[in-house]
Every structure is written in C-alpha cells, then in structure tokens.
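Chemist: The first sequence lines up with residues 170 to 798 when you count with our numbering.
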Amino acid sequence: MRFRDLKRMQVDIETYCQECFTFPNSARESDRITAIAMSDSAGWGRLISGKELDEGDMLREFVKEICKRDPDVIEGHNLIRFDLEYIEARAKRHKVALTLGRDGSRLGGHAARMQIAERTITYRKYGIFGRHIIDTWILAQHYDVATRELESFGLKDIARQFGIAGAGRTYAPGDKTSWYFDHDPDALFRYALDNVRETRAIAEILSPSYFVEAQIFPYSYQNIPLRGNATKIDALFLREYLHQRRSVPYPNEGRDVAGGFTHMEYQGAAQRVLHSDVTSLYPSVMLVYNYLPQKDELGVFAGLLCDLRGFRIKAKELARGASDDESRVYFNALQSTFKILINSFYGYLGFQMGHFNDFEAANQVTAKGRELIQSAIGWLKDSQAKIIEVDTDGIYFVPPENVQTEADEERLIADLAAILPKGIELELDGRYPAMFSYKMKNYALLDDQGRLRIKGSGLRSRGLELFQREWLEEMLRLLLKNEREKIPEIYNRFVDDIDQHRRPISWLAKTETLQDSLETYQAKLKTKKRNPGAPYELALKAERRYQPGDQISYYVTGMKANVRINENCKLAADWDAEKPDENVEHYKAKLRELYDKFKPWIELEKPSEQKVTLSTGPAQFSLFVPESG
DNA sequence: GCTAGCTGATGCCCG
DNA sequence: AACGGGCATCAGCTAGCG
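1) Counting Cβ pairs, one atom from each stretch, are 3 or more of them under 8 Å apart for the stretch 421-430 and the stretch 755-766?
2) Cutting at 6 Å between CB atoms, please list the residues of its own chain near Phe386, excluding the five before and the five after it.
3) What do you get for Leu648, buried or exposed, if any count of 16 or more other CB atoms within 10 angstroms of its CB means buried?
4) Say whether the stretch 206-214 touches the stretch 349-367, bearing in mind that this needs 3 or more beta-carbon pairs closer than 8 Å, one atom from each stretch.
5) Using the Cα positions of Asp745 and Lys710, report the straight-line distance between them to the nearest angstrom.
6) Measuring only the C-alpha atoms, how far is Gly397 from Asp666?
7) How do the stretch 558-571 and the stretch 446-454 stand: do at least 3 beta-carbon pairs fall below 8 Å, yes or no?
8) Skipping 5 residues on each side, what residues in its chain have a beta carbon closer than 8 Å to that of Lys537?
9) Taking 8 Å as the cut-off, does the stretch 255-269 touch the stretch 344-364 (at least 3 CB pairs, one atom from each stretch)?
10) In chain order, what residues of the same chain lie with their CB nearer than 6 Å to the CB of Leu680, ignoring the 5 residues before and after it?
11) Which residues does DSSP pair with Ile182 in a beta bridge?
12) Keeping to the same chain, check which residues put their C-beta closer than 6 Å to that of Ile734; ignore five residues upstream and five downstream.
13) Would you grab the beta carbon distance between Met728 and Glu751 for me? Rounded to a whole angstrom, and I think it's under 8 Å.
14) According to DSSP, simplified to helix, strand and coil, what is Arg177?
15) Going along the chain, which residues of its own chain have a beta-carbon closer than 7 Å to the beta-carbon of Arg173, five neighbours each way excluded?
16) Taking the CB atoms as reference points, tell me whether Asn651 and Gly627 lie closer together than 8 Å.
17) Along the chain, which unbroken stretches of the alpha helix (DSSP H) at least 4 residues long are found entirely within the stretch 291-333?
18) Can you check whether the CB of Arg478 is closer than 8 Å to the CB of Ile511?
19) CA-CA distance, Glu486 and Ile623?
20) According to the neighbour-count rule (16 or more other Cβ atoms, all chains shown, within 10 Å of its Cβ), is Cys738 buried or exposed?
21) Count the other CB atoms within 10 Å of the CB of Asp765; is the residue buried (16 or more) or exposed (fewer)?
22) What do you get for Leu411, buried or exposed, if any count of 16 or more other CB atoms within 10 angstroms of its CB means buried?
23) Enumerate, from N- to C-terminal direction, the unbroken alpha helix (DSSP H) stretches of 4 or more residues contained entirely within the stretch 697-766.
24) According to DSSP, is Thr191 helix, strand or coil?
25) Alpha carbons only, please: which of Gln310, Glu224, Glu230, Pro240 is nearest the one belonging to Gly212?
26) Can you tell me which of the three DSSP states Ala545 falls into?
27) Going straight from the alpha carbon of Pro749 to that of Glu658, what length do you get?
28) Is the Cβ-Cβ distance between Pro717 and Ile290 less than 8 Å?
29) Starting from His412, trace the alpha helix (DSSP H) both ways and give me its first and last residue.
30) Going by the CB atoms, is the gap between Ile303 and Leu269 shorter than 8 Å?
31) Note down the Cα distance separating Val314 from Asp465, rounded to an integer number of angstroms.
32) Under a three-way DSSP split, which group does Phe525 fall into?
33) Does DSSP put Ile243 in a helix, a strand or coil?
34) Measuring CA to CA, which of Arg300, Gln330, His301, Gly299 is closest to Tyr312?
35) Using the three-state DSSP reduction, which class does Leu450 fall into: helix, strand or coil?
36) With respect to the alpha helix (DSSP H) encompassing Thr111, which residues constitute its N-terminal and C-terminal limits?
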C-alpha cells in the first residue's frame, strides 16, 4: 500500500473560551465548542455550535460525520494533547458516546509518556478501532530533533517555517476566539478551515517516512512516531526470534560506555577549511570488526544492518533517477528513514531495555571509532595540515600549503582514506572559505556562496534570547569576512535598541520548554533536588494549564543587572509596549558579557601587526600568523 | 553585608 | 524509555573581603 492510497482526514477544533481551557472535567460553563473544521481528499467541512446548536448535538454530528467519511487516518495538530482531550471531556459531560471506531466501538484512551531526544512528552494515548491517529505536533518534534530549525511548534509557526501558509490565510488569535464568535463568526470558521488545510500540508511533508516504517516494523502506523528507534529495532529481533521459535534473552544490566572522540585544537578564525568524515563510522565498525550483540545467536543484527545499508543505497539511486516528483519524494523518505535506522543500531547496543543489548560491544565500537579518527588526525598532522576541530567521525582542518586546487584536495583525501582499514571509508564532506572555531561542538562556517552555518548550543541554542542569537550571527559573519572593525558599531546599535525599547519583547524574551510536570517540579523544590526556575514559577502562576513539552516565553524585570530571575520575570504575553518594564540593565549586561567572550577576536590586531598569540584558554595558534612568525 | 568563584541541576545541541 | 560528550545559565553556597 502506498501513502497516497490512505484515506486521510484532518480535524481541528476551536473552542469558545480556549484561554480558560482546563480538563478533563473542570471545564467552565462558558467553554463551548464553536467550530470543528474537517478536511479530507473529498472536500472540506465544518460544524458550528454555540448559541444556536447544543454542544451535545454538535458532538453527535461530529461522530456521524467521521463515520460517514470513514477515514483510515485522522490527522490533527495537537490532536492528542488538545483536541481529543477536549472532545473526550465535553462528550463525557454531555453523555455523548464517541463511537468513532469502524466496529462501532468508542474512543479509548490512557495516560502515556514518550521521549524524543531530551524532551519528555506526556500525553493521553488514544485508540480508535480500525483507524490511525497522527498528530503533526509530534511529527514536528521529531523533525526538529533532527534539524534543530523550528522556532516554535504552533501550527501557524510551522506552516510559515515550511513556507506553506496561504497568502490569504485568516488568523484569529486564541485569546480573541470569543470576540470572533460574537462579531465575525464567519472569519472564525475560515480560520478553522485554514488550520486543517495547513495540517494536511504539514502531514504531507512529515508523515510519509513513518508510513514507510509501518511497513517495516511490527507496529501500527499510529504507534510508529510514538516509539523510539531502539524499541522498534528490538521489535524486529522479537519478531524473528518468535518466528523461529527461539527463546528471547533478558536485557543485560546497563553500565558506562565511553563515547566518541571530541577535541578542539584551534580556537579562532581560520581560512580555507576542509571537512572530511568517515562514512557511517559506527555501522561500518560494527560490520568490519564484528562488534555485534553477543546474545544474538541467529545473527539477526548483522543481517538487518547489512540489508538496510543495501536498501538505502538502492533507495538513494532510485530517488536520484526518479522521473516524477511523487516517486522522488517517496524514495527520499525511504532512504532517509533507512539512514536514521542504520544509525540507531549502535544506540541499540547500549539500550537499557533492549533484549539483545551488549554494552561490551558498544564500548568496542566507540573505542575503535576513536582509534580510527585519531589515526586520521595523526596522518593529517604528519602531512602538515592544521587540525581545527574533531567530533566523533569528522575533522575540520586547514590543508597543507601544497594543496591548492580541488584536485589536490581530492588527492589528499584519497591518500588519507588509503591508510584506513578495508571497509572504513572516508570522504570530503565540505570545503569552506572561512571557519570560526569557538569551543568544542561550537563553530561557524562560511560557505562559498556566503552562507553562514552556525553549530553548537552556545551559539545557536533556542535557549538563547533572540537578541543574543542575532548578535552572534552578525558578529560571526563579520569575523569570518574579516570585517571585524564593523563589530563595535553593531554592538552600539544593539545597546541602543535595548535602551530605547526599540524592539518587541520577543527579541529579549527567553523561551524554554517545560520538561517536568508542575507537580514534579514542586516536589523537587521541596526536597531541595533543584533550584527554582523562572519558567516553572510563571507556569504555576498562570491561568492556563501547562504540561511537559509546552514552551513558555518570559522576560526579566527589575532595575538592577543582577536580579534573581525567578522572582523578577513576566510572561512575554503580559508585556505592554506602552509601559515597557523589561530590565534594561540586565539585558545590556548580558550583551556586554557576550561581547567580552569574543573580545579577543574582535579586538585582534591586524594580522601583519600581530606578534603574540593569546595565552589564555586552550592551546592556540593563529592561522593569520605566518609559520615563520 | 557583599561578592567572586565554585557546584550541581537543567536545557539545549553535536555527531 | 537509542548512545555519550559538550556548553551556557541559573540558584545556592561559601570563603574572603571591607
């Protein structure tokens, strides 16, 4: 079955009083559903409730409509953490049976939790017999873990960031829903319909690879995005062992495993930088050296890894040779799914819950990885290359002076690749006119089209305020283009903007994601397991309900630069442009600190005049200084 | 009473 | 309920200061 053969349907619910939303049973009397918008390939629909139509009737209509359209998949943005919870709570109040199942059974649900990288997401896991529930908010979380490029996770934000928001799109802010209902209900319905159109477009982009996975793993389409990769690989083991009627071992107890080799050899700006990396380092090491799960008597692991590698190469070829858009998108989804899977096999070795986990093998894999990358570093140094930064499987370096043309570079990489064992391949992954190496895993690259690429939590984290990220970007661009004399101007402009309240509060506000529930936070506070934090304190005071995974934007108030932030903060939404009360001294001090961190490079003397290199921090040398000097 | 400097927890990111 | 390695920020603590 192909993705396009699925009968998909999108659902979005607007409530009369969304800002007061509490659930499951404490919803205020004034809460009412005012619009449910639905779309599917056959057309668009809407249901209206509120003043004229009783909410119970509305819900019954909703059930009837879904059964009539009979979708295989129900898609929605925030479907499981908002719309379904709301509908369930309201249906309970109005004693409406949500018989959405294909066999006439009711919507079921239970509390659940999932992990996406460092994010823990609590949600209610819903089940509708014969149908799959896909939440594009969850898909967006997965997408962001891989790319780290989504600013926020609201439907409108994501649509804008993917460039699929319609030009004539209707916007109705959440806290104005009731106003629209009373004064311009039609705009509200258009808004809800635009929501489902965008949901459909986002699902079109993000969901096909999960559909592919559903055909590989013994999990339903609905469950695929809710499971971690190691869990899915474990399921492949279980299926094969049960199929062959073999017993399944218990997981081994976890122990410490060392990781990849990381090293920064040079801090500062460098020019003409190459990046080479070992292709699929860990999968290659596992297969070449047979570092495989000891308990896997049937050899499932190596077989799967080999097959998947083969599939991926095949899918990549097919994507490249695809004659139409649809098959290209399909094969690309296929190959990127395989890539992620292949990379998860190493993680499986160290997976606590994996029945065939093997920490010894995991340790051998990383040890061999460290050995291989260090031998590559050694060879490059012997060849008079200047190493800048190394992280696990890739090396940034400045090639020796006798390497000038691209052909020279290719030859250098080929010579380096030749010293590595058979089966371990190395390639030239990129060349950059300039690089600024700041700290381990933190650097900026300027490519030959003048595009700046920033890496690392210290330079591009969403945990940084927008003004910090903007400042870093402008400053790094000038450093890399060797125009650092312009940086002080920019600094002064930023100081002035802060002083004069010239920018909206989103420029100064910090956005953080709540990891713990408010109950857990309070329990930790009580037992002194953690210190108070501004986002949690604000969430506790807020009227709306917050749950783990929710983002919260806040800014610092007060008059002095040094204030206890959790006692001097306000929600960004409560900022009043007429009476700006952000802590100007605090933000100016932060900008100053940031400037000072980069001061050694901003106020560096001109290369020709420079005599000494900086003596603080890690081992340093300057690539601006000629070898003889 | 104040602050610099340390420690541990948290949040986010790299490969 | 994939892994380890890294950085920045914040609050609380403490030694050392006036």
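Where a beta carbon is used, it is the ideal one built from N, C-alpha and C, also for glycine.
Modeler: The relevant details are as follows:
1) no
2) As a position in the first sequence, residue 386 is number 217, starting the count at 1. If we look at Phe386 and ignore the five residues flanking it on each side, its Cβ neighbours are Lys401, Ala404.
3) On the first sequence, residue 648 is found 479 positions in, with the first residue counted as 1. Label assigned to Leu648: buried.
4) yes
5) Within the first sequence, the letter at position 576 stands for residue 745. Within the first sequence, the letter at position 541 stands for residue 710. Distance between the alpha carbons of Asp745 and Lys710: 19 Å.
6) In the first sequence, counting from the first residue as 1, residue 397 sits at position 228. In the first sequence, counting from the first residue as 1, residue 666 sits at position 497. Their Cα atoms are separated by approximately 44 Å.
7) yes
8) Counting from 1 along the first sequence, the entry for residue 537 is found at position 368. Here the set comprises Val454, Tyr458, Tyr460.
9) no
10) By 1-based counting over the first sequence, the position of residue 680 is 511. Note that residue 680 corresponds to Thr in the displayed sequence, not to Leu. Around Thr680: Gln720, Ser722.
11) Your numbering for residue 182 matches position 13 in the first sequence. Ile205.
12) In the first sequence, the residue the question calls residue 734 occupies position 565. Result list for Ile734: Ala703, Val725, in chain order.
13) The residue given as residue 728 occupies position 559 in the first sequence. The residue given as residue 751 occupies position 582 in the first sequence. Met728 to Glu751, Cβ: 11 Å. No contact.
14) For the purposes of this step, residue 177 is identified with residue 8 of the first sequence, where counting begins at 1. The answer is strand: DSSP assigns Arg177 an E or B state.
15) Stepping through the first sequence from its first residue, residue 173 is reached at position 4. If we look at Arg173 and ignore the five residues flanking it on each side, it has no Cβ neighbours.
16) On the first sequence, residue 651 is found 482 positions in, with the first residue counted as 1. On the first sequence, residue 627 is found 458 positions in, with the first residue counted as 1. No, Cβ-Cβ distance for Asn651 and Gly627 is not below 8 Å.
17) 305-316, 324-331
18) Stepping through the first sequence from its first residue, residue 511 is reached at position 342. Stepping through the first sequence from its first residue, residue 478 is reached at position 309. Yes.
19) Your numbering for residue 486 matches position 317 in the first sequence. Your numbering for residue 623 matches position 454 in the first sequence. Using only the alpha carbons, I get a separation of about 30 Å.
20) Locating residue 738 in the first sequence gives position 569, where the first residue counts as 1. It counts as buried.
21) Position 596 of the first sequence, counted from the start, is the residue given in the question as residue 765. Exposed: under 16 other Cβ atoms inside 10 Å.
22) Position 242 of the first sequence holds residue 411. The residue is exposed, with fewer than 16 neighbouring Cβ atoms inside 10 Å.
23) 703-710
24) As a first step, residue 191 is located in the first sequence; it is residue number 22 there, counting from the start. Confidence is the limiting factor: at Thr191 the pLDDT is only 45, short of 50, which leaves the residue's position unreliable, though a coordinate-based value still follows. Thr191: coil per DSSP, three-state reduction.
25) On the first sequence, position 43 is the one that residue 212 refers to. Closest by alpha carbon: Pro240.
26) Counted from its first residue, the first sequence places residue 545 at position 376. Ala545: helix per DSSP, three-state reduction.
27) If you number the first sequence from 1, residue 749 lands on position 580. If you number the first sequence from 1, residue 658 lands on position 489. Taking the straight line from one Cα to the other gives about 25 Å.
28) In the first sequence, the residue the question calls residue 717 occupies position 548. In the first sequence, the residue the question calls residue 290 occupies position 121. A contact, by the Cβ cut-off of 8 Å.
29) Residue 412 sits at position 243 when you count from the first residue of the first sequence. Per DSSP, His412 belongs to the alpha helix (DSSP H) from 398-412.
30) Numbered from its first residue, the first sequence carries residue 269 at position 100. Numbered from its first residue, the first sequence carries residue 303 at position 134. No. Outside cutoff.
31) Translated into positions along the first sequence, residue 314 becomes position 145. Translated into positions along the first sequence, residue 465 becomes position 296. Each residue's alpha carbon lies about 31 Å from the other.
32) The residue given as residue 525 occupies position 356 in the first sequence. Reduced to three states, the DSSP call for Phe525 is coil.
33) Numbered from 1 along the first sequence, position 74 holds the residue referred to as residue 243. In this structure, Ile243 counts as strand in the three-state DSSP scheme.
34) Position 143 of the first sequence, counted from the first residue, corresponds to residue 312. Closest option to Tyr312, Cα to Cα, is Gln330.
35) Working through the first sequence from its first residue, we reach residue 450 at position 281. Helix at Leu450.
36) Beyond the ends of the chain as shown, which are 170 and 798, falls residue 111; an answer cannot be given.
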